[in-house]
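As structure tokens, the structure follows; a few thoughts come after it.
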Amino acid sequence: MKSSEKEFVAEAEEILEEAGSLLLVIQDTYKEGVDPDSLNALFRAIHTLKGTAGLFGHQGITDLSHAVESLLDEIRLGKIAVSDDVISFLFKNIDLLRYLVDGVKEKRQTDVSGYLAEIQAFRESISKAGEAQSLEGVIDESILKVLSEYEEHRLKTNLKEGKGIYILKAVFPFTEFDKMLEEVRGKIKSIGELLSTMPVSEALPEDSIGFNLMFGSSHPLKELEETLKFEIHTLVEPKSAVEPKPAVEPKPAVEPKPVPGKPPERPPQLAEPSLKTTTTTVRVDIEKLDRVLSTIAELTLARGAVKRIWTEMAEAYGHTPLVIDMYKITQTLQRKLAELQEQVLEIRMVPIGQIFGRLAQVIRRHSRDVGKKINFEMFGEDTEIDKYIAEEVIDPLVHIVRNAIDHGIEPAEERKAKGKKEEGTVTLRASQWGNHVVIEVKDDGGGINTEKIRQKAVERGIIKADEEVHDKELLELIFTPGFSTKDTVSEVSGRGVGLDIVKDRLSVLGGFVDIVSEKDIGTTVTLTLPITLAIIKALMVKAGKEVFAVPLSSISEILTLQEDAMQTIENRMVYNLRGEMLPVTSLKDIFKLTDNVTGKAFIVVVGFGERRMGLLVDDIVGQHEVVVKSLGDYFKGIRDFAGAAEIGKHEVTLVLDVESIIEGTLMRKGSVHV
């Protein structure tokens, strides 16, 4: 079963579980009066199931949910009275919906046409809840005009029960009206039933908003005013003693006539429904998983200490039986911790299609706002990524998509003049590459005008007017804080801000962003992200006397330095890597380390695609699993470091921010001196 189908089954079973619980509440209380909140919640649950099934393309569940929803709507509106027969019929159809959800997992197809006809026949045969009651002369006509059919039904029900009908007038400051209104609504519900909330626009103080809240209650006016502390007007006085009316029992439901054709399939589960769910999915708060990972991280440090102690014992006492036992324990601990870590990380993984779906809504909404026709395509929705990273990357993706809509896709007339389709296309594509997930956002718009970028860069003093800068370097400038080529502010792509938010967020996540653009062809923005941010493997490198950690996920290869392969091109040091000129920088130069270590040197190749470079280091110390800790607010804003990690005998080493170093190197000339 696909991950998307697993997600649907888990969601649907949770909805049906809630629906069953609500129906039990209604069954237990309906003879004393149906609780409208429970009935509305049941209606919303089935409505949600209908929408979810439609989104995932399960037509049978969608159709049956719609039919049950229509039946519940008539019950809400008082057109059908709640009875044992009605409740039994609803239970029967909820069991049927469970059976259909089971069929998704088992890839079973069920014809629901017979069941739809049965629901329709039941609705037509069941008696009405009573004669229509007129409100003319009882409630002011101006109020009746603004009530919905459901609100009017609840008003009639309250009158029938002998309750008083009141209007509470409330005025709130505009800045806090939502919280204050919700508080008043809660108080009203504690002493009666809130029937309608009607905004008021006349005779209000400046920066205020007013509401008329109509509600029904058995309490007298004076008591209500003391409780609610607002101005209250009486529309209908409550009856002091209401004559109990006999409950309107509906006529027995007429047995539905057989539907011509093949009789509907009767799943055996309906006769004796099973309480067992079809999915083993458990929804877990991400914070609980974070705590488990934190514990694993501490155990990883403890495992490293055990391994170090075993090494020291072996050096001091040789391979004695005790040392051999220590070795076996170390190996077992290492293997089991690795398994535990992998299993917990798998739990945190979610399909990236979850955020692609949200982006689709952004594209549809904003394409309408700017009046452009845009087609949206998605590929690789089943690619999995850590839940935390998925949520953190959504804002950068929204910003990129908005820029594609506003800056990239041309207006329809301009596209037609260029010989393009009138409808533009934005494509989202996700794929896994080793320990990384690559997300591409591609548009077929006009591309980025590098000449305009140059002009803006000169105006801001970022580059000199006569300075030679390659197009690739000019494209990188759009990630500079506050840099934008837009002359006017747009509500779609933002208030003239650049894409620096994208680079900053990607840098925090240990990812990379790359951009390729071609005039009149389009623009592709590529985000490269680690699959997870938990415990990472790092290469320990030495520059001078200092040791740094480089995330292995950022490393593509390690080279022994051949000095004859080093060259200088345009005052930049590069390394001839199989015919490719690779930019190189020295960690000693970056961090101003003066220790001169002679002997063999190494180049650690970091980055991906065109954003690759070499880090010149003096030595390779080894590999460690590290838990990256934040440097804290005191060191906030310091570039080139992603955090710190503890290794060895409680030694602390700095973890390099590879993306920050690459960015600084590619924009810095003469970065290395050998």
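Per our numbering, residue 1 is the first one in the sequence shown, and the count goes up by one each step. A virtual CB, placed ideally from N, CA and C, is assigned to each residue, including glycine. Everything numeric in this text was worked out from a predicted model, so none of it was measured.
L561 is positioned such that its CB atom lies closer than 8 Å to that of I603. Minimum Cα-Cα distance from S217 among the listed residues I405, I209, A538 and I188 corresponds to I188. In the structure shown, A645 adopts extended strand secondary structure according to DSSP, grouped into three states. In this structure, V184 and A170 form a Cβ contact; the two beta carbons are roughly 6 Å apart against a cut-off of 8 Å.
Residue nearest to K420 within the set K373, K387 and I385 is K373 (criterion: CA-CA distance). Within the model, the alpha-carbon separation for E13 versus V370 is close to 40 Å. Note that the region 525 to 532 does not touch the region 578 to 591; fewer than 3 beta-carbon pairs, one per stretch, sit closer than 8 Å. Our two residues, F548 and L55, have alpha carbons roughly 49 Å apart in a direct line. Comparing alpha-carbon positions, the option among T526, R44 and H470 lying closest to F608 turns out to be T526. Of the residues assessed, A538 falls on the buried side of the cut-off, its CB having 16 or more other CB atoms within 10 angstroms. A contact between stretches requires three or more CB pairs, one per stretch, nearer than 8 Å, and the region 374 to 394 fails this requirement with the region 324 to 337. Residue burial is scored here from C-beta neighbours: V282 has fewer than 16 other C-beta atoms within 10 angstroms and is therefore classed as exposed. Relative to the Cα of A360, the nearest Cα in the group I347, Y388, T332 and V398 belongs to V398. The continuous alpha helix (DSSP H) containing N403 extends over residues K387 to N403. Counting the other CB atoms within 10 Å of its CB gives D657 a total of 16 or more, which places it among the buried residues.
Within the region 407 to 460, the complete beta strand (DSSP E) runs of at least 3 residues fall at 424 to 433 and 436 to 443.
When secondary structure is reduced to three states using DSSP, T665 falls in the helix class. Excluding its 5 nearest sequence neighbours in each direction, E423 has C-beta neighbours in its own chain below 6 Å: K373 and N375, listed in chain order.
Taking the CA atoms as reference points, A457 sits about 13 Å from D471. For R335, the enclosing alpha helix (DSSP H) begins and ends at P321 to R348. In the assembly as shown, T300 is a buried residue. Its beta-carbon has 16 or more other beta-carbons within 10 Å. In the displayed model, Q623 falls within a strand according to three-state DSSP. Sixteen is the threshold: since fewer than 16 other Cβ atoms of the shown chains lie within 10 Å of the Cβ of Q623, the residue is exposed. C-alpha of T157 to C-alpha of L235: approximately 15 Å in a straight line.
Distances from the alpha-carbon of L577 to those of M566, N571 and E570 put M566 closest.
About 6 Å separates the beta carbons of V605 and R612, which is inside the 8 Å limit, making them a contact pair. In this structure the region 32 to 39 touches the region 70 to 84; the number of beta carbon pairs closer than 8 Å is three or more.
Closest in C-alpha terms to V292, from the list T29, D140, L340 and I521, comes L340.
Judged by their CB atoms, L475 and I462 are not nearer to each other than the 8 Å cut-off. C-alpha of M198 to C-alpha of R44: approximately 22 Å in a straight line. Bounds of the alpha helix (DSSP H) holding A117 are S113 to S125. Taking the C-beta atoms as reference points, L96 is found nearer than 8 Å to Y115. The Cβ atoms of S660 and S553 do not sit closer than 8 Å to each other. DSSP places K464 outside any beta strand (DSSP E), giving it a letter other than H or E. Comparing C-alpha distances from H407 to each of D444, I389 and G380 shows the shortest one belongs to D444. It is roughly 14 Å from the alpha-carbon of V541 to the alpha-carbon of F641.
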